[in-house]
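Working notes, structure below.
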Amino acid sequence: MSDGPGLLALSPLDHIPAKLFLPYILYFDTTDTQTALSTLQKGIDRLISELPWLAGDVVLYSVPDGPKNRMHIAPPRVPLSDVPMLKTKHFDGDADSHSHPIQSYLPLPTFIPASQQRPVLRFQANVFHSRIIVAMSFWHSVFDGTGAGVILEAVAECCKSTNEEITTSLAQTIAKTHDDLRKEVAKFPSKCVKRLDHSIELGTPVFDPNISTEQWNAMESALSSMVETKRYTFSSEKVAKVKDICTQLMPQLQSSKWISSNDVITATLAIC
87 MSDGPGLLAL
97 SPLDHIPAKL
107 FLPYILYFDT
117 TDTQTALSTL
127 QKGIDRLISE
137 LPWLAGDVVL
147 YSVPDGPKNR
157 MHIAPPRVPL
167 SDVPMLKTKH
177 FDGDADSHSH
187 PIQSYLPLPT
197 FIPASQQRPV
207 LRFQANVFHS
217 RIIVAMSFWH
227 SVFDGTGAGV
237 ILEAVAECCK
247 STNEEITTSL
257 AQTIAKTHDD
267 LRKEVAKFPS
277 KCVKRLDHSI
287 ELGTPVFDPN
297 ISTEQWNAME
307 SALSSMVETK
317 RYTFSSEKVA
327 KVKDICTQLM
337 PQLQSSKWIS
347 SNDVITATLA
357 IC
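Using our numbering, the first residue of the sequence shown is number 87, and each one after it goes up by one.
Here is the structure:
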């Protein structure tokens with residue numbers, strides 16, 4: 087689904103989300119951070135070798151006599167091995183991983199103007215004495231939360247399958263299907279009876295390709311001053327225990343046969 091040489095066109099549906107980088111953050115306790123870093127690097131390298139478009143950049147491209155300023159994924163301008171997919175940041179050995187602002191863990195800021203490079207995604211490994219915090223920042227127009235979760239699953243699979251002889255089925259499935267799926271989604275507008283304008287809901291800044299970093303930072307600062315935030319830390323052992331109990335009760339309630347850890351956390355927050 088390419089409108090230009092080497093370009094992968096994003097679908098009309100991909101243009102609806104806010105033009106932002108969103109993060110996923112994973113915490114890993116480990117006594118051997120060097121081995122963990124090596125495994126992560128090899129896993130990401132394996133993923134990119136199978137899905138090279140993940141190392142690309144999101145650009146605006148106008149088709150002659152066709153759509154204008156449409157987002158596309160452009161291949162990287164340098165060899166894949168030279169693309170900085172993973173950053174490593176070391177923190178003081180005695181530092182508390184919960185005492186730093188979330189933004190310090192992220193490989194990319196929330197907003198990057200269209201005049202600058204906008205990667206599809208990047209990773210950052212934040213290394214503490216006995217913990218690694220892995221953050222993935224992704225361009226929201228390329229993935230929604232579920233899609234980004236699938237990419238993280240593929241990363242995990244590649245980390246386990248660093249041996250070249252072992253197949254990575256999820257990454258291979260994505261490679262075979264993602265282009266056709268975007269083509270299918272691109273056909274949706276022709277089937278719509280009534281089109282809706284969502285720009286009022288999301289606001290002009292997320293659609294304006296000319297907005298600057300300074301303008302965005304000013305708006306983000308103004309909005310954040312009206313929002314109260316608080317960090318909650320859940321015990322992984324307790325979440326797993328609650329999940330197991332719920333899974334045992336599900337058949338008795340004639341409902342779903344399984345429940346995820348995310349379901350447990352979401353329900354807990356809802357109750358609170």
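Every residue gets a Cβ at the ideal spot worked out from N, C-alpha and C, and that includes glycine.
Does the beta-carbon distance from residue i to residue j come in below 8 Å?
{"i": "residue 113", "j": "residue 219", "result": "yes"}
{"i": "residue 107", "j": "residue 194", "result": "yes"}
{"i": "residue 96", "j": "residue 159", "result": "yes"}
{"i": "residue 326", "j": "residue 298", "result": "no"}
{"i": "residue 126", "j": "residue 278", "result": "no"}
{"i": "residue 221", "j": "residue 267", "result": "no"}
{"i": "residue 317", "j": "residue 184", "result": "yes"}
{"i": "residue 143", "j": "residue 228", "result": "no"}
{"i": "residue 335", "j": "residue 211", "result": "no"}
{"i": "residue 104", "j": "residue 226", "result": "yes"}
{"i": "residue 332", "j": "residue 351", "result": "no"}
Hey, quick one: how far does the alpha helix (DSSP H) through residue i stretch, first residue to last?
{"i": "residue 355", "result": "347 to 357"}
{"i": "residue 156", "result": "Careful: residue 156 lies outside any alpha helix (DSSP H), inside the beta strand (DSSP E) at 156 to 160."}
{"i": "residue 223", "result": "Note, residue 223: premise wrong, no alpha helix (DSSP H); beta strand (DSSP E) at 217 to 225."}
{"i": "residue 202", "result": "Careful: residue 202 lies outside any alpha helix (DSSP H) and carries neither H nor E."}
{"i": "residue 319", "result": "Residue 319 -> no alpha helix (DSSP H), and no H or E assigned at all."}
{"i": "residue 246", "result": "231 to 246"}
Between the options, which lies nearest to residue i when the distance is taken from Cα to Cα?
{"i": "residue 263", "options": "124, 233, 226", "result": "233"}
{"i": "residue 164", "options": "200, 139, 158, 127", "result": "139"}
{"i": "residue 205", "options": "278, 346, 162", "result": "162"}
{"i": "residue 157", "options": "191, 217, 93", "result": "93"}
{"i": "residue 176", "options": "224, 213, 223, 354", "result": "213"}
{"i": "residue 305", "options": "190, 196, 182, 128", "result": "196"}
{"i": "residue 223", "options": "265, 239, 189", "result": "189"}
{"i": "residue 203", "options": "230, 236, 303, 169", "result": "169"}
Here's a check: name, in chain order, each residue in its chain whose Cβ is nearer than 7 Å to the Cβ of residue i, leaving out the five neighbours to either side.
{"i": "residue 171", "result": "130, 134, 141, 208, 209"}
{"i": "residue 136", "result": "254, 257, 258, 261"}
{"i": "residue 216", "result": "115, 116, 117"}
{"i": "residue 178", "result": "none"}
{"i": "residue 119", "result": "213, 218"}
{"i": "residue 357", "result": "none"}
Taking residue i as part of the beta strand (DSSP E), name the residues at either end of that continuous run.
{"i": "residue 115", "result": "107 to 115"}
{"i": "residue 208", "result": "207 to 213"}
{"i": "residue 128", "result": "Element bounds for residue 128: not the beta strand (DSSP E) but the alpha helix (DSSP H), 119 to 136."}
{"i": "residue 145", "result": "143 to 147"}
{"i": "residue 172", "result": "172 to 176"}
For residue i, which residues of its own chain have a beta-carbon under 8 Å away from its beta-carbon, when the five flanking residues on both sides are left out?
{"i": "residue 146", "result": "155, 156, 157, 158, 200, 295"}
{"i": "residue 355", "result": "318"}
{"i": "residue 173", "result": "193, 208, 209, 210, 211"}
Please determine whether the Cβ atom of residue i lies at a distance below 7 Å from any heavy atom of the ligand NAD.
{"i": "residue 158", "result": "In the structure on display, the ligand NAD does not appear, and there are no ligands present to speak of."}
Return the chain-ordered list of same chain residues with a C-beta closer than 6 Å to the C-beta of residue i, the five sequence neighbours on each side being excluded.
{"i": "residue 300", "result": "none"}
{"i": "residue 132", "result": "244"}
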